[in-house]
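Colleague: This is the structure I have questions about; it appears just below.
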Amino acid sequence: MLSKKTKYALHALTYLGKHKAEGTVLIHNIAEEHGISHKFLENILLELRKAGYLGSKKGKGGGYYLIKEPKDIPLSRVIRLLDGPIALLPCVSLNYYEPCAECKNEALCGINKVMAQVRDETLKILENKTLQDILEGE
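So the working numbering is basically just the index in the sequence shown, starting at one, shifted up by 10.
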């Protein structure tokens with residue numbers, strides 16, 4: 011399951027995408043619209059800014075804005091940024107691999123093989139879906 015942090019990030023990105031033409035958006039507006047703690051949302055937006063998805067402006071007329079086009083923000087990257095691995099088991103993770111303590115031989119492990127297929131199919135979808143797909147679905 012996605013963490014609340016990632017769900018809130020997707021809601022925030024969607025809000026910013028919908029209001030892209032308006033320029034900057036106040037954290038307060040996003041937090042109020044989606045019932046998110048202001049402080050929690052602020053930390054999420056800072057992570058997204060550091061990752062290069064958002065820009066920010068201080069002072070009057072300040073706030074956050076998308077610096078990438080929605081079509082250039084893959085869901086897989088947002089999820090990995092905030093939640094870490096997409097794979098359900100560490101032994102099949104592409105970016106966060108760790109051997110399973112219970113497994114004597116990964117090459118002969120049926121669970122490993124099935125979970126690798128699940129990872130691959132999930133990645134096929136998430137790497138080809140972007141913020142633009144969410145915006146078009148609303």
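Every residue, glycine too, gets a C-beta built ideally from N, C-alpha and C. Note that the structure is predicted; figures quoted are calculated from it, not measured.
Which residues mark the beginning and the end of the alpha helix (DSSP H) in which Lys-60 is found?
Modeller: For the purposes of this step, residue 60 is identified with residue 50 of the sequence shown, where counting begins at 1. Segment 48-60, the alpha helix (DSSP H) holding Lys-60.
Colleague: Along the chain, where does the beta strand (DSSP E) that runs through Gly-71 open and close?
Modeller: Numbered from its first residue, the sequence shown carries residue 71 at position 61. Here Gly-71 belongs to no beta strand (DSSP E), and DSSP marks it neither H nor E.
Colleague: With a 10 Å radius around its C-beta and 16 neighbouring C-beta atoms as the bar for buried, classify Met-11 as buried or exposed.
Modeller: In the sequence shown, the residue the question calls residue 11 occupies position 1. Met-11 is exposed by the Cβ-count criterion.
Colleague: What is the residue span of the alpha helix (DSSP H) that Ser-86 lies within?
Modeller: One-based indexing of the sequence shown puts residue 86 at position 76. Residues 85-93.
Colleague: With DSSP run on the structure shown, which of helix, strand or coil describes Lys-17?
Modeller: What you label residue 17 is simply residue 7 of the sequence shown in a count that begins at 1. In this structure, Lys-17 counts as helix in the three-state DSSP scheme.
Colleague: Three Cβ pairs or more, each shorter than 8 Å: is that satisfied between the region 63-73 and the region 98-109?
Modeller: no
Colleague: Taking the straight line between their C-alpha atoms, what separation do you get for Tyr-25 and Lys-134?
Modeller: Counting from one through the sequence shown, the residue named residue 25 turns up at place 15. Counting from one through the sequence shown, the residue named residue 134 turns up at place 124. Each residue's alpha carbon lies about 25 Å from the other.
Colleague: Closest to Leu-145 by C-alpha separation, out of His-21, Cys-119, Ser-13, would be which residue?
Modeller: Numbered from its first residue, the sequence shown carries residue 145 at position 135. The shortest Cα separation from Leu-145 among His-21, Cys-119, Ser-13 belongs to His-21.
Colleague: Indicate the three-state DSSP secondary structure (helix, strand or coil) for Leu-36 in the structure shown.
Modeller: Within the sequence shown, residue 36 is the residue found at index 26, counting from 1. Here Leu-36 sits in coil by DSSP.
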